[in-house]
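Each residue of the sequence shown is one higher than the one before, counting from 25 in my numbering. From the three backbone atoms N, C-alpha and C, an ideal C-beta is built for every residue, glycine too. Shown next, in C-alpha cells, is the structure this report addresses.
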Amino acid sequence: MGKVLESFTYIENPSMLKTACAELEKASVLCVDTEFHRESTYYAEFALIQIASRDVCYLIDPLAIDDLTPLWDVILNPDILKVFHAARQDVEIIVNKTGKLPLPLFDTQVAAALLGFGLQVGFGNLVQKVTSKALPKAESFTNWLKRPLTESQLTYAADDVIYLMPVYQHLAERLQATARTEWLDEEQEVLCAAETYANDPEQIFWRVKGSNRLRPRQMAVLRELAAWRERAAQQRDLPRRRLIQDEPLLALARKTQLDEEQMAHIRGLNNGVVRRFGSEILAAWQRGQDCDKENWPQVSRSPQYSEGTEMRLELLMTLVRLRAEKVEIAANILASRSEVAALASWANHGNGNGNKTDWDSPPKNHCMRGWRKKLIGDDLLRMLRGELCLRLDPQTHMPIVDKPASSRTD
Ligand SMILES: [Zn+2]
C-alpha cells in the first residue's frame with residue numbers, strides 16, 4: 025500500500041476554493057465522494073464534496089460557497105481520472121449541477137466485482153480487505169447539512185476519499201495484471217451514459233413496484249400516472265412517493281371508472297393530495313385510458329421454457345460455476361441463472377415444430393456479449409451443441425470440462 029494522507033483542509037470560501045482547485049488541477053487521478061440527503065426532496069441536497077489527490081485532501085462546503093465553477097472545471101477535466109466508490113449517486117449530483125458527466129471515471133465497486141470481491145461490496149469492507157485498516161462506521165447516518173460539522177464528521181468524510189486512493193491503486197494494478205481493464209470499460213458503459221441520469225418521466229413507470237402484475241391497458245394508464253407524479257415531484261422538489269406511493273398508483277391504474285369521489289376511497293391516497301391534484305390525476309388517468317392499443321407498453325411475460333430446460337440449465341450452471349471459480353469472481357457476475365435458463369430453453373426451441381435451433385443467433389443477453397461471451401458464453405453454446413462435456417475427475421472428484429469421447433482424437 026502506498027502512503028496514506030494524514031490531513032485535510034476544509035474549504036469554505038471562494039478564495040480558498042480557487043487555491044485548492046489550482047492544486048487539484050495538477051493531479052492525474054482524483055478520488056471523489058459527496059455527502060447529501062434526499063429524504064425530503066426530489067433532487068439530492070448536496071452537503072459536502074470531498075476530493076483527494078495523492079498529495080492533498082479537501083473537504084469543500086457547497087453551503088458556504090455559491091459559485092463552485094472552479095471545482096466543476098476540475099471534476100469535468102477530461103485529463104483527470106475521477107475515482108468513486110459506487111459512483112451512481114455522486115455522478116447524478118454532478119450531472120444535476122453541471123449537465124455533464126465527470127469522465128473519465130473509475131468505480132472501485134465495479135472494479136472490485138470483477139476481481140472477486142463480490143457484487144456491491146461496501147467501501148469499509150473493501151478498505152479493510154485492501155489496506156487492513158478498519159474505518160469507523162459511526163457517521164453513516166449523520167446530518168451532513170448541519171454546521172459546523174464536528175471533528176469526527178470531518179475525519180469520516182475525509183477518510184472516504186483518503187482511503188479510496190490506495191484501494192484504487194490496488195484494483196487498477198490487479199485489473200492490469202489479470203488483463204481485465206477492458207472488462208471494466210464494458211461494465212461502466214451504463215454508468216458513463218447520459219441516458220442513465222435522464223429520469224425520463226414517460227419511462228419511469230417501469231420502476232413502479234408491482235407494475236409487472238398489470239395488464240397492457242393498465243400499464244398504459246400507469247405510464248401516464250407515473251409521468252404526472254414524476255413531473256409534479258420535480259416541480260415541487262418533493263420525493264415522488266411523498267405525493268403518491270406506488271401501491272395507490274397501481275390501484276388507480278387498475279380502475280375501469282374513476283372520479284374524485286372514488287379516488288377518495290383508494291387506500292393510501294392522501295385526502296389532501298386528492299383535493300389538490302384530483303383533477304390532474306383524473307386527466308392523466310383518462311389519457312392512459314384513451315391510449316390506442318398499438319401504443320400500449322410492450323410487457324415481456326415470464327417465458328415458457330422448452331422441454332428439458334431444467335436439466336440443461338443445471339448442466340450449464342455447473343460450467344458457469346467452474347469458470348467463475350477459475351477466474352475468481354462470483355458466478356452471478358459471469359452469468360445470471362435467468363439468462364442461462366433463456367439459453368437452455370432456446371437450445372430446444374425448434375423441437376417438435378419442425379424448426380431447427382439457429383446456432384448463429386442465440387438470445388442477445390448479457391453473457392453473450394463482450395468479455396463474458398469470450399469467458400463463458402461461447403462455451404455455453406458449445407455445451408448446448410454437445411461439443412463439450414462435464415465429467416468428474418477421478419483424482420480430485422471434482423467436475424471438469426472436457427470434449428465428448430466421440431470427438432477426442434487420442
Ligand atoms: Zn462518503
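E248 and A201 closer than 9 Å at C-beta: E248 places its beta carbon 9 Å or farther from that of A201.
Cβ of E59 versus every heavy atom of ligand 1: is any distance shorter than 8 Å? Yes, the Cβ of E59 comes within 8 Å of a heavy atom of ligand 1.
P38 (DSSP reduced to helix, strand or coil): It is helical.
Residue environment, G376, which counts as buried when at least 16 other CB atoms sit within 10 Å: Any reading at G376 must be qualified, since the residue scores a pLDDT of 48, below 50, and its modelled position is unreliable; no value is offered.
Do E284 and G312 have their C-beta atoms within less than 9 Å of each other? Not a contact, by the Cβ cut-off of 9 Å.
From Y187, V154, P160 and R171, residue whose alpha carbon lies closest to that of L54: Of Y187, V154, P160 and R171, the smallest CA-CA separation from L54 is found for Y187.
For K50, which of L105, A71 and L72 has the nearest alpha-carbon? Checking every option, the nearest Cα to that of K50 belongs to L105.
Beta-carbon within less than 6 Å of D57's beta-carbon, same chain only, minus the 5 sequence neighbours each way: which residues are those? Within the same chain, D57 has close Cβ partners Q74, D184 and V185.
Comparing the C-beta of A158 with each C-beta of chain D, is any distance below 9 Å? Annotation note: the requested chain D is absent from the structure, which comprises a single protein chain.
Would you tell me roughly how many angstroms separate the C-alpha atoms of S31 and Y221, rounded to the nearest one? The alpha-carbon atoms of S31 and Y221 are separated by roughly 34 Å.
Let me check you understand the geometry: is the CB of A429 closer than 8 Å to at least one non-hydrogen atom of ligand 1? Checking every heavy atom of ligand 1 against the Cβ of A429, none is found closer than 8 Å.
Alpha carbon of A88 to alpha carbon of L306, nearest angstrom: Using only the alpha carbons, I get a separation of about 43 Å.
Within the chosen definition, does the region 267-284 reach the region 331-347 through at least 3 CB pairs nearer than 8 Å? Contact between the region 267-284 and the region 331-347 is absent, because fewer than three Cβ pairs lie under 8 Å.
Mapping the DSSP letters down to three states, classify S31 as helix, strand or coil. Of the three classes helix, strand and coil, the one that applies to S31 here is coil, per DSSP.
Could you check the C-alpha separation between Y82 and R231 for me, to the nearest Å? Annotation: Y82 to R231 spans about 37 Å, alpha carbon to alpha carbon.
Would you check whether ligand 1 has a heavy atom nearer than 8 Å to the C-beta of Q74? Yes, since a heavy atom of ligand 1 falls inside the 8 Å radius drawn around the Cβ of Q74.
Whose C-beta lies closer than 6 Å to the C-beta of A251 among residues of the same chain, with five residues either side of it excluded? Only P225 and E226 meet the Cβ criterion.
Per DSSP, the bridge partner or partners of H61: H61 is bridged to E69.
When burial is assigned at 16 or more other CB atoms within 10 Å of the CB, is F60 buried or exposed? Label assigned to F60: buried.
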